[in-house]
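In what follows, a structure is listed as structure tokens, so that the remarks can point back to it.
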Amino acid sequence: MSQAILQQIPEQKSIGKRFLDLLKGFHPILSYDALTGQPEISFEFTEQKGAEKTLAAIFQFLETQDRRILIAIDEFQQIANYPETNTEALLRSYIQQLKNVRFIFSGSNKHMMNELFNSAKRPFFSSTQMMPLAAIPNNFYATFIKNKFTESNREISDEAIHFLLTWTRTHTYYTQTLCNHLYASFLKRIQEEDVRNICSDLLSSQQATYIQYRRLLSPVQWQLLIAIAKEERVFQPQSKAFLAKYKIGTPANSKRALEALLDKEMIFKEEDLRNSWYQVYDVFLSRWLQLTF
């Protein structure tokens, strides 16, 4: 958090200097990035109380500023994995005292985010307003991609963009990764076949990693992962037809494997007003499984 604050309020400004003075009181390790010249900060605490005191002081500093402060924390569900068991309660106790500081908590694991904010057993229960973010509509994304290539005097066909967005499921990370590789190819006119070739190269570069996943999963878990990838969406993972088609075994086997894959974040559960379904979390892994098995 200290690092992010310094990036937004450089030390050359008065507020930045005051913030650095505050941090120096906690004996931080200060260094500067060789490329950007930006200050980098880290702390080494011998006990938990030191970390708690530093966090409280940072929040108090932000609270006393003459401007509204907004802090956005991405992948917030990771707080549940911290070794310190009181992190959620501690952060909640600080936040509820702040009037000048607002927070945005975002995360990709919907199940864990719902647990953090909607379970009466958790410190953040009923403390926020939930706002689900839907996928970017394809037509907006397609226009954005075409414009970005046009700005650099490149052309990409509508068919290429359509395939690209379908292949990445319009997921921002995978779409951006694929577009970056296309941009780095230096092709002036990009057709669908060019996109397919880049996709193949991407999967080949990740193959060694994906093969390792097989060693981390039981045979039933691995077979279920392949099945979900090949189906794209699985609505009834315990149905007789699905189990027989992919030789997964009994409904009990499928249920245990499904829970294990969810716990390992290899798959995720999505739902709307009518249905719920399961998909492979990593889009590139899903495409590799579809092509390989």
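Under my numbering, the first residue of the sequence shown carries the number 14, and numbering increases by one thereafter. Don't be surprised by glycine CBs; every beta carbon is placed ideally from N, CA and C. Bear in mind the structure is a predicted one, so any value in this text is a computation, not a measurement.
Status (buried if at least 16 other CB within 10 Å, exposed otherwise) for residue i
{"i": "residue 27", "result": "exposed"}
{"i": "residue 279", "result": "buried"}
{"i": "residue 295", "result": "buried"}
{"i": "residue 90", "result": "buried"}
{"i": "residue 32", "result": "buried"}
{"i": "residue 186", "result": "exposed"}
{"i": "residue 250", "result": "buried"}
{"i": "residue 44", "result": "exposed"}
{"i": "residue 255", "result": "buried"}
{"i": "residue 291", "result": "buried"}
{"i": "residue 188", "result": "buried"}
{"i": "residue 95", "result": "exposed"}
{"i": "residue 157", "result": "exposed"}
{"i": "residue 162", "result": "buried"}
{"i": "residue 15", "result": "buried"}
Cβ shell of residue i (< 8 Å), same chain only, five flanking positions each side left out
{"i": "residue 212", "result": "180, 191, 300"}
{"i": "residue 219", "result": "297, 298, 301"}
{"i": "residue 125", "result": "90, 93"}
{"i": "residue 198", "result": "207, 211"}
{"i": "residue 105", "result": "136, 137, 140"}
{"i": "residue 289", "result": "248, 282, 283"}
Own chain partners of residue i with C-beta closer than 7 Å, once the 5 adjacent residues on each side are dropped
{"i": "residue 227", "result": "235"}
{"i": "residue 233", "result": "261, 262, 266, 270"}
Contacts around residue i, its chain only, beta-carbon distance under 6 Å, and the 5 residues preceding and following it disregarded
{"i": "residue 202", "result": "168"}
{"i": "residue 130", "result": "137, 141"}
{"i": "residue 117", "result": "85"}
{"i": "residue 304", "result": "none"}
{"i": "residue 173", "result": "203, 204, 205, 208"}
{"i": "residue 264", "result": "251"}
Inter-residue CB distance, residue i and residue j (contact presumed, cutoff 8 Å)
{"i": "residue 298", "j": "residue 223", "result": "6 Å"}
{"i": "residue 101", "j": "residue 137", "result": "6 Å"}
{"i": "residue 42", "j": "residue 19", "result": "Between residue 19 and residue 42 the Cβ distance is about 14 Å, and since that is not below 8 Å, they are no contact."}
{"i": "residue 111", "j": "residue 74", "result": "Actually they do not touch by this definition, with Cβ atoms about 11 Å apart."}
{"i": "residue 113", "j": "residue 82", "result": "6 Å"}
{"i": "residue 306", "j": "residue 241", "result": "So it is not a contact: roughly 12 Å between Cβ atoms."}
{"i": "residue 103", "j": "residue 65", "result": "6 Å"}
Within 8 Å, strictly: CB atoms of residue i and residue j
{"i": "residue 237", "j": "residue 267", "result": "yes"}
{"i": "residue 196", "j": "residue 178", "result": "no"}
{"i": "residue 152", "j": "residue 183", "result": "no"}
{"i": "residue 77", "j": "residue 39", "result": "no"}
{"i": "residue 194", "j": "residue 216", "result": "no"}
{"i": "residue 69", "j": "residue 107", "result": "yes"}
- Task: Specify whether the stretch 117-129 and the stretch 75-94 touch according to this definition: at least 3 beta carbon pairs, one from each stretch, less than 8 Å apart.
- Result: yes
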